[in-house]
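Colleague: Got a structure here, written out as structure tokens. Questions coming.
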Amino acid sequence: MKFFQSKGGYVETRNKICLLENLDVAIKNSRNFSTDIDELESNLGTNLAELINELRSNNLGGENNGES
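Numbered per our numbering, the sequence shown spans residues 47 to 114.
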């Protein structure tokens, strides 16, 4: 990296370094977001499965809770 070409060159290089640092943070955040989404999808699937099982256990044999 060239820090001492000129004052403008230094600023430009520093801006590029900041941009790269920001890109690193963005990549890390996107990975964390992806992991969070995977966990949410898993939890949603588990919750839906539990709900379906509960509904089935409360409605065994196709009964409609006493309704005709």
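Positions of the beta carbon are idealized from the N, C-alpha and C atoms, including for glycine.
As the structure is a prediction and not an experimental result, all values here were calculated from the model.
When the Cα atoms are used, what is the spatial distance from Arg77 to Lys62?
Modeller: Here residue 77 refers to the residue found at position 31 of the sequence shown. Here residue 62 refers to the residue found at position 16 of the sequence shown. Each residue's Cα considered, the two are about 23 Å apart.
Colleague: Given this structure, state the Cα-to-Cα distance separating Thr59 from Leu66, to the nearest angstrom.
Modeller: Here residue 59 refers to the residue found at position 13 of the sequence shown. Here residue 66 refers to the residue found at position 20 of the sequence shown. Using only the alpha carbons, I get a separation of about 11 Å.
Colleague: Distance check for Ser103 and Ser114, CA to CA, integer angstroms please.
Modeller: Taking the first residue of the sequence shown as position 1, residue 114 is located at position 68. Taking the first residue of the sequence shown as position 1, residue 103 is located at position 57. Low local confidence applies: a pLDDT of 48 at Ser114 is under 50, so the model's placement there is unreliable, and no value is given.
Colleague: Have a look at Asn75 and Asn68 and give me their C-alpha separation to the nearest angstrom.
Modeller: As a working note, residue 75 is residue 29 in the sequence shown. As a working note, residue 68 is residue 22 in the sequence shown. Distance between the alpha carbons of Asn75 and Asn68: 10 Å.
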